[in-house]
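Engineer: So the protein lines, in turn, are chains L and Z. Using my numbering, the first residue of the first sequence is number 84, and each one after it goes up by one. Using my numbering, the first residue of the second sequence is number 84, and each one after it goes up by one. Ideal placement from N, C-alpha and C gives every residue a C-beta, glycine not left out. Predicted model, so just to flag it, every value in this text is computed and none were measured. Have a look at this one before I ask anything.
2 protein chains.
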Amino acid sequence: MPGKGEEEMPGSGAEVPGEGVEREAGPAGGSGPVGRSVRRSVTMRDVARQAGVGLATVSRVINGKPGVAPELVRRVTETARALGYRHDVTASSLRRADRRTATIALVLEDVANPFSSVLHRAVEDAARAEDILVLAGSSDEDPDRERELVDAFTMRRVDGLIVLPTGSTDEQLDAVRRQGTPVVCADRLVEIDRVDTVTVDNRDGTWAAVRRLRALGHRRIAFLGDLDAIWTARQRYAGYAGAQAEAGEAVEDRLVHRDLHSAEAARAVTAGLLAAGDPPTAVFAAQNLLTIGARRALQDAGRQDQVALIGFDDFPVADMLAPGISVVSQDPARVGRTAAHLLLGRLRGGDDDLPARHSVVPTRYIARGSGEIPPER
Amino acid sequence: MPGKGEEEMPGSGAEVPGEGVEREAGPAGGSGPVGRSVRRSVTMRDVARQAGVGLATVSRVINGKPGVAPELVRRVTETARALGYRHDVTASSLRRADRRTATIALVLEDVANPFSSVLHRAVEDAARAEDILVLAGSSDEDPDRERELVDAFTMRRVDGLIVLPTGSTDEQLDAVRRQGTPVVCADRLVEIDRVDTVTVDNRDGTWAAVRRLRALGHRRIAFLGDLDAIWTARQRYAGYAGAQAEAGEAVEDRLVHRDLHSAEAARAVTAGLLAAGDPPTAVFAAQNLLTIGARRALQDAGRQDQVALIGFDDFPVADMLAPGISVVSQDPARVGRTAAHLLLGRLRGGDDDLPARHSVVPTRYIARGSGEIPPER
DNA sequence: ACGTTTTCAGGAAACGTTTCCAAGAACGTA
DNA sequence: TACGTTCTTGGAAACGTTTCCTGAAAACGT
Chain L
84 MPGKGEEEMP GSGAEVPGEG VEREAGPAGG SGPVGRSVRR SVTMRDVARQ
134 AGVGLATVSR VINGKPGVAP ELVRRVTETA RALGYRHDVT ASSLRRADRR
184 TATIALVLED VANPFSSVLH RAVEDAARAE DILVLAGSSD EDPDRERELV
234 DAFTMRRVDG LIVLPTGSTD EQLDAVRRQG TPVVCADRLV EIDRVDTVTV
284 DNRDGTWAAV RRLRALGHRR IAFLGDLDAI WTARQRYAGY AGAQAEAGEA
334 VEDRLVHRDL HSAEAARAVT AGLLAAGDPP TAVFAAQNLL TIGARRALQD
384 AGRQDQVALI GFDDFPVADM LAPGISVVSQ DPARVGRTAA HLLLGRLRGG
434 DDDLPARHSV VPTRYIARGS GEIPPER
Chain Z
84 MPGKGEEEMP GSGAEVPGEG VEREAGPAGG SGPVGRSVRR SVTMRDVARQ
134 AGVGLATVSR VINGKPGVAP ELVRRVTETA RALGYRHDVT ASSLRRADRR
184 TATIALVLED VANPFSSVLH RAVEDAARAE DILVLAGSSD EDPDRERELV
234 DAFTMRRVDG LIVLPTGSTD EQLDAVRRQG TPVVCADRLV EIDRVDTVTV
284 DNRDGTWAAV RRLRALGHRR IAFLGDLDAI WTARQRYAGY AGAQAEAGEA
334 VEDRLVHRDL HSAEAARAVT AGLLAAGDPP TAVFAAQNLL TIGARRALQD
384 AGRQDQVALI GFDDFPVADM LAPGISVVSQ DPARVGRTAA HLLLGRLRGG
434 DDDLPARHSV VPTRYIARGS GEIPPER
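Structure representation (structure tokens):
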């Protein structure tokens, strides 16, 4: 349906030549040849010479260290500005005793997916408060790609690492941590020495939601799950299975479809379930896209008001559909914030030798209608 | 409505102590004092000594430069691995002739917003192909914050910069570019010497959509616009105004609401319009959230099937609502990809002295129903 | 007024790498 | 065999900074 009624509109493509104003700037040094404009950048040494002070003094001023005569501070600041001096953090961190680069890295599943990107933003905000920048990359759930990213990041000597681990890289993360770079894992639990984690309470959130469906009278509850390689997917299934077991109900294999990784897959599976005999009276979709896919199938069959649906993980405008989609919502921002604080704590050095800490953030059930539909008699 | 029926579920908070397995690894160097474990990292010099070759040779091997005896290559690679040597890109780029850090930076409005994050992903993919990493930051439409970010990035000597400019930082970007760092601006047009841009065809996209509404018979078409400081918001308004002018229709001030920056603001404004006399028969919402807000107001009034609505910028599940929301969709991935290619081109050095290039990517109208509602007689 | 401590400033070494350069080995040619 | 070339190799300098250390001057106590 989305691919219908499309039209392409060509752009106007205005071409702007650019002015090319040449402004006066740069060292304009004393002895060097003035021949070609080689654009060597202004260094501390240039500032020192120009200001008539020592190199060490410039360094002290730039870093705001105490114990420099106010007059010199003024002169250095002044000439630095005049010469257009730009501090080089790269060289700085190389020499600096703590080797800090004021940069941390973030390995996400996909910077463009809402969960990842909201988490990213939370990390950015926490880091910004300490003037730390964030390098981000997408692993796409591929352990090799994750390894490459971690590698590339550590080669750049980032101060710390926050990873949403695929689960097959524990040794590498352990090595990185042991080599001196703090590591925090987010969203998925791993058990690595001194690697903190922060995860969402997937199991209990799912458990409680399924229990609700049962309380409404549902017995045939379908389960749609994400790739089984993902820790969260397994946890959510565990919640579903737990709630069924708790009620003395055996899990019906035909109602359980794990290892789905697209809305389309979920739609197809759900359509199949609805068409077959003895269809489910409720569906639990354990991930965003799966929820959307399942709902699409329900709408296609015109059954969205008869079959209950609960999704794991909220998404925009889920409340504007009719009926609204009830979800177990998680709080990616809180996950990111917590992970960042754990990491920054270790960076500050106090918690250096602490064993791994594991933080779990709770979920919240949001009732919007689709989860409150009773089974048809 | 979304805030209803919430319940908090406490986590189980499983505490896992962490095993503390000590594995054998590391330099285990020859002559140094073995006292405290000071964890100095393994350097090229260590590898050179251990392998019995010169420092320069190790460098050549690590960088895959030709002209080293196969035997030595083997020996160096071998000992590097054995010692757990990790190349230091920081030191490398300091000394390297081209000073490349293999890192580019991205200044977005907000890494968590869908447009920004999809663009981010496209940039990441293009950069990855050349083993380049991406630093990202959110300006939140604040020129000061944008300046801070650009500053922090250039201090880290990134090779290039892609910016969604707020519009008040032209001088700084010009300075950065002149200092030798290629800059590309995305999503908003700026005219700075040798700074490429890639923008979406906001004006024409809007124009054509409004023209469609008119063709359906609509005359009173409301316009909801984003913050007027944003270039795209002004362009979209220009498209609206153009289409109205083209039809000889004067723009009615009461129907035009610019400078809105939240779904809630759009909802309130739309509700007001619907309640007042002579309400619009169609609404054009010039941004994502505004579209959602407007639709919310229409649903609140039960008018979503009587009043036409077209939004600028697509969003997930817009097609699952009833009626589906018609939009002028843009392609953030293509914007990102284009920007990245422009930047990488300049990085490769060929296009160094080329004047600014301006690329415009087209929009696409997607008909889903809400834009196809004729005016009520 | 003198000796001692404290403060401030600058020269030089170092961070881990790449690149320049010179020297030796290997090779082909006369 | 002698000689010019080419190919490999390693030592040393350099990248832009921070930090160590020394020395001079100022401040202090008696």
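G112 (chain L): buried (16+ other C-beta within 10 angstroms of its C-beta) or exposed?
Structural biologist: As a first step, residue 112 (chain L) is located in the first sequence; it is residue number 29 there, counting from the start. Note on G112 (chain L): pLDDT 33, under 50, position unreliable in the model; the coordinate value appears next. The residue in question, G112 (chain L), is exposed, as its Cβ has fewer than 16 Cβ neighbours within 10 Å.
Engineer: Return the bridge partner residues of S442 (chain L) from the DSSP annotation.
Structural biologist: The residue you call residue 442 (chain L) lines up with position 359 of the first sequence. The partner list for S442 (chain L) (beta bridge, DSSP) reads L:V281.
Engineer: Under a CB-based cut-off of 8 Å, is Q389 (chain Z) close to chain L?
Structural biologist: On the second sequence, position 306 is the one that residue 389 (chain Z) refers to. It does not; no Cβ of chain L falls within 8 Å.
Engineer: Could you give the uninterrupted runs of the beta strand (DSSP E) lying entirely in the segment 394–445 of chain Z, keeping only those of 3 residues or more?
Structural biologist: Here the runs fully enclosed are 409–412 and 441–444.
Engineer: When you compare the CB of G112 (chain Z) with every CB in chain L, is at least one pair closer than 8 Å?
Structural biologist: By 1-based counting over the second sequence, the position of residue 112 (chain Z) is 29. Low local confidence applies: a pLDDT of 33 at G112 (chain Z) is under 50, so the model's placement there is unreliable, and no value is given.
Engineer: Tell me the residue span of the beta strand (DSSP E) that contains Y448 (chain Z).
Structural biologist: Position 365 of the second sequence, counted from the start, is the residue given in the question as residue 448 (chain Z). First-last of the beta strand (DSSP E) with Y448 (chain Z): R447 to I449.
Engineer: Closer than 8 Å is the cut-off here; do at least three beta carbon pairs connect the segment 142–152 of chain Z with the segment 216–234 of chain L?
Structural biologist: The segment 142–152 of chain Z, when compared against the segment 216–234 of chain L, does not touch it at the 8 Å Cβ threshold.
Engineer: Closest Cβ-Cβ distance between A405 (chain Z) and chain L: below 8 Å?
Structural biologist: For the purposes of this step, residue 405 (chain Z) is taken as the residue at position 322 of the second sequence. It does; some Cβ of chain L falls within 8 Å.
Engineer: If you count every other CB in all the chains shown that lies within 10 Å of the CB of D502 (chain Z), and 16 or more means buried, which is it?
Structural biologist: With chain Z represented from 84 up to 460, any question about residue 502 (chain Z) goes unanswered, as that position is not in the structure.
Engineer: With a cut-off of 8 Å, does the C-beta of V400 (chain L) fall near any C-beta of chain Z?
Structural biologist: In the first sequence, residue 400 (chain L) corresponds to position 317, counting from 1. With 8 Å as the cut-off, V400 (chain L) counts as an interface residue toward chain Z.
Engineer: Grab the span of the beta strand (DSSP E) containing G220 (chain L) for me, first residue to last.
Structural biologist: Residue numbering aside, residue 220 (chain L) sits at position 137 when the first sequence is read from its first letter. Per DSSP, G220 (chain L) belongs to the beta strand (DSSP E) from L216 to S221.
Engineer: What residues match up with A139 (chain L) in a beta bridge as DSSP calls it?
Structural biologist: Taking the first sequence and counting its residues from 1, the one referred to as residue 139 (chain L) is at position 56. Note: A139 (chain L) sits in no beta bridge, so no partner.
Engineer: Using a beta-carbon distance cut-off of less than 7 Å, what residues from the segment 205–218 of chain L approach chain Z?
Structural biologist: Listed by position, the residues of the segment 205–218 of chain L near chain Z (Cβ gap below 7 Å) are E207, L216, V217 and L218.
Engineer: On the CB-based measure, 16 or more other CB atoms within 10 Å of its CB, does A316 (chain L) come out buried or exposed?
Structural biologist: The count along the first sequence starts at 1 and reaches residue 316 (chain L) at position 233. A316 (chain L) should be labelled buried.
Engineer: Per DSSP, what kind of secondary structure is G243 (chain Z) in: helix, strand or coil?
Structural biologist: For the purposes of this step, residue 243 (chain Z) is taken as the residue at position 160 of the second sequence. Of the three classes helix, strand and coil, the one that applies to G243 (chain Z) here is strand, per DSSP.
Engineer: Is H203 (chain Z) helix, strand or coil by DSSP?
Structural biologist: If you number the second sequence from 1, residue 203 (chain Z) lands on position 120. H203 (chain Z) falls in the helix class under three-state DSSP.
Engineer: Can you find at least 3 beta carbon pairs, one from the segment 282–295 of chain Z and one from the segment 435–445 of chain Z, that sit closer than 8 Å?
Structural biologist: Contact between the segment 282–295 of chain Z and the segment 435–445 of chain Z is present, because at least three Cβ pairs lie under 8 Å.
Engineer: When you compare only the Cα positions, how much space is there between D234 (chain L) and Q389 (chain Z)?
Structural biologist: Residue mapping note: residue 234 (chain L) aligns to position 151 of the first sequence, counting from 1. Residue mapping note: residue 389 (chain Z) aligns to position 306 of the second sequence, counting from 1. Their Cα atoms are separated by approximately 57 Å.
Engineer: Ordered along the chain, which non-local residues of its own chain (more than five positions away) have a Cβ less than 6 Å from that of A205 (chain Z)?
Structural biologist: Here residue 205 (chain Z) refers to the residue found at position 122 when the second sequence is read from its first residue. A416, G419 and R420, listed in sequence order.
Engineer: For the alpha helix (DSSP H) holding I375 (chain L), just list the boundary residues, first then last.
Structural biologist: Within the first sequence, the letter at position 292 stands for residue 375 (chain L). Here the alpha helix (DSSP H) through I375 (chain L) covers N371 to D383.
Engineer: Determine the burial state of N371 (chain L): buried for a count of at least 16 other Cβ atoms within 10 Å of its Cβ, exposed for fewer.
Structural biologist: The residue labelled residue 371 (chain L) in the question sits at position 288 within the first sequence. Classification of N371 (chain L): buried, given that the 10 Å Cβ count is 16 or more.
Engineer: Quick check: the segment 298–314 of chain Z against the segment 335–355 of chain Z, are there 3 or more CB pairs under 8 Å?
Structural biologist: Yes: at least three Cβ pairs fall under 8 Å.
Engineer: Rounded to whole angstroms, what is the Cα-Cα separation between G454 (chain Z) and S409 (chain Z)?
Structural biologist: Working through the second sequence from its first residue, we reach residue 454 (chain Z) at position 371. Working through the second sequence from its first residue, we reach residue 409 (chain Z) at position 326. Approximately 5 Å between the Cα atoms of the pair.
Engineer: State the start and end residues of the unbroken beta strand (DSSP E) segment that holds L307 (chain L).
Structural biologist: Residue mapping note: residue 307 (chain L) aligns to position 224 of the first sequence, counting from 1. Taken as a continuous stretch (DSSP letters only), the beta strand (DSSP E) holding L307 (chain L) covers I304 to L307.
Engineer: Quick one: any contact between the segment 218–232 of chain L and the segment 244–253 of chain L, if contact means 3 or more CB pairs under 8 Å?
Structural biologist: Yes: the two stretches touch, three or more of their Cβ pairs being nearer than 8 Å.
Engineer: For L177 (chain L), return the contacting residues in chain Z, with the cut-off set at a CB-CB distance below 9 Å.
Structural biologist: Translated into the one-based positions of the first sequence, residue 177 (chain L) becomes position 94. Near L177 (chain L) (Cβ distances below 9 Å), the residues of chain Z are D171, T173, A174 and L177.
Engineer: Are the C-beta of D193 (chain L) and some C-beta of chain Z separated by less than 8 Å?
Structural biologist: Taking the first sequence and counting its residues from 1, the one referred to as residue 193 (chain L) is at position 110. Yes, because at least one Cβ of chain Z sits closer than 8 Å to the Cβ of D193 (chain L).
Engineer: Taking 8 Å as the CB-CB limit, is T353 (chain Z) close to chain L?
Structural biologist: Translated into the one-based positions of the second sequence, residue 353 (chain Z) becomes position 270. No, no contact with chain L.
Engineer: Check whether chain L comes within 8 Å of Q255 (chain Z), counting only Cβ atoms and requiring the distance to be less than that.
Structural biologist: Locating residue 255 (chain Z) in the second sequence gives position 172, where the first residue counts as 1. No - not a single Cβ of chain L is within 8 Å of the one on Q255 (chain Z).
Engineer: Measure the Cβ-Cβ separation of V366 (chain Z) and L307 (chain Z) and say whether it is below 8 Å.
Structural biologist: Taking the second sequence and counting its residues from 1, the one referred to as residue 366 (chain Z) is at position 283. Taking the second sequence and counting its residues from 1, the one referred to as residue 307 (chain Z) is at position 224. In this structure, L307 (chain Z) lies closer than 8 Å to V366 (chain Z) by Cβ.
Engineer: Near R451 (chain Z), what residues of its chain come up, given a Cβ to Cβ distance below 8 Å and the 5 sequence neighbours on each side ignored?
Structural biologist: The residue you call residue 451 (chain Z) lines up with position 368 of the second sequence. So the qualifying residues of the chain are A401, D402, P406, G407, I408, S409 and V410.
Engineer: Report the rounded CA-to-CA distance for A380 (chain L) versus S175 (chain L), giving the unit in angstroms.
Structural biologist: Position 297 of the first sequence, counted from the first residue, corresponds to residue 380 (chain L). Position 92 of the first sequence, counted from the first residue, corresponds to residue 175 (chain L). Whole-angstrom Cα-Cα distance: 58 Å.
Engineer: The beta strand (DSSP E) that contains L232 (chain Z), what's its start and end?
Structural biologist: Position 149 of the second sequence, counted from the start, is the residue given in the question as residue 232 (chain Z). That residue, L232 (chain Z), is in no beta strand (DSSP E); its alpha helix (DSSP H) goes P226 to M238.
Engineer: Check for me: the beta strand (DSSP E) holding T186 (chain Z) runs from which residue to which?
Structural biologist: Along the second sequence, read from residue 1 onward, the residue named residue 186 (chain Z) stands at position 103. T186 to L191 is the extent of the beta strand (DSSP E) around T186 (chain Z).
Engineer: Going straight from the alpha carbon of Q327 (chain L) to that of H301 (chain L), what length do you get?
Structural biologist: By 1-based counting over the first sequence, the position of residue 327 (chain L) is 244. By 1-based counting over the first sequence, the position of residue 301 (chain L) is 218. Distance between the alpha carbons of Q327 (chain L) and H301 (chain L): 11 Å.
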